[in-house]
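Quick note: the sequence shown uses our numbering, first residue 330, plus one each step.
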Amino acid sequence: MPSNLHEERKKMKQERTGKTGGWLFAFATVLAAMILFAATPGAMAADEEDAQGIVDKSRVTLSGFIRDKDYEWFREHIKTAKGVLIYPQVLKAGYILGGSGGTGVLLARDGKTGDWSPPAFYTLGSVSFGLQIGGEAAEVVVLVMSQKGVDSLLTSKFRLGGDTSIALGPVGAGAKADITADFISFTKSKGLYAGMNLDGSYVGVREGLNKAYYGKDATPVDIIVKRSVGNKGAAPLVEELKKTK
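Spelled out as structure tokens, the structure:
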């Protein structure tokens, strides 16, 4: 009798092990399929389309700031900017205060030739909108006025207002101000001025979008400094910046 009981327990244990092993095998199969799909050309193409959409919207945002009569100071000082961060849509997470963010691009000017680099993709997070924002989203353009500012953005993650200075740009026809900050920010919500505080916000590299857009791994140094990669889809945005000379 004890022998039969032992055999029965052994059989039950084998059945449980088999079921567990089968579940783990099924899970591993599904996981492998998901990873394989993410690496397929179709998935990469979708990411590239997303990246191109951000580039196209960034051009529209930049054009809107340049042509807005209330952003005269912006138009004058983008001519001497070392770089420009463009976020076509920064979404608000909370109603009055709270975290928010979006994805945009950075382009930098060559110190010798004055030519603009291809765009590198960056996130913007933990923005404080404040009470003056009426909408749920805003357009943000940040002029990078110093080489120190450009260099700080070549790291994987950077906090605005940490080792560098940031200030709100003056808005209004005829607005004048002597600002010497590394970063000068301008924001609009539904076409109107929006007093958004970027001090303390984080800027991070979107490695996945950079890879998808350029077809291979590309760091900010590769894109901004070495300029060893390119995408024809960025030409209209670069041309828009050339008009600011």
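Idealized CB from N, CA, C, for every residue including glycine.
Whether residue 466 touches residue 420 by CB criterion (8 Å): Result yes, Cβ atoms of residue 466 and residue 420 sit closer than 8 Å.
DSSP three-state assignment for residue 384, whether helix, strand or coil: The three-state reading of DSSP puts residue 384 in helix, counting H, G and I together.
Contact check, residue 570 vs residue 402, beta carbons under 8 Å: Contact flag unset, no.
With 16 other Cβ atoms within 10 Å as the buried cut-off, status of residue 438: Label assigned to residue 438: buried.
Boundaries (first-last residue) of the beta strand (DSSP E) holding residue 496: 495-497 is the span of the beta strand (DSSP E), which, as asked, contains residue 496.
DSSP-derived helix/strand/coil call for residue 514: Reduced to three states, the DSSP call for residue 514 is strand.
Residue range of the unbroken beta strand (DSSP E) whose run includes residue 486: That run of the beta strand (DSSP E) goes 486-488.
Those residues which DSSP pairs with residue 430 across a bridge: According to DSSP, which records beta bridges pairwise, residue 430 is partnered with 420 and 454.
Inter-residue CB distance, residue 573 and residue 407 (contact presumed, cutoff 8 Å): Indeed they touch by this definition, with Cβ atoms about 5 Å apart.
For residue 479, the first and last residue of its enclosing beta strand (DSSP E): The continuous stretches of beta strand (DSSP E) do not include residue 479, which lies in the alpha helix (DSSP H) extending over residues 476-481.
Paired residues, beta bridge with residue 445 - DSSP: According to DSSP, residue pairing for residue 445 in a beta bridge involves 438.
Residue 390 beta carbon less than 8 Å from that of residue 470: Against a cut-off of 8 Å, the Cβ pair of residue 390 and residue 470 comes out as a contact.
Any non-hydrogen atom of the ligand ZN closer than 7 Å to residue 466 Cβ: The model depicted lacks the ligand ZN and carries no ligand whatsoever.
Proximity below 8 Å, CB of residue 538 to CB of residue 387: Residue 538 places its beta carbon 8 Å or farther from that of residue 387.
Length of the line joining the Cα atoms of residue 551 and residue 557: Answer to the nearest angstrom: the Cα atoms are 6 Å apart.
Cα-Cα separation, residue 450 to residue 508: Straight-line Cα distance between these residues: approximately 27 Å.
Inter-residue CB distance, residue 616 and residue 435 (contact presumed, cutoff 8 Å): As shown, the chain starts at 330 and ends at 574. That puts residue 616 outside it, with no answer to give.
Beta carbon of residue 443 nearer than 8 Å to that of residue 530: The Cβ atoms of residue 443 and residue 530 lie no closer than 8 Å to each other.
Buried versus exposed call for residue 511 [16 or more other C-beta atoms within 10 Å across all chains shown]: Result: buried.
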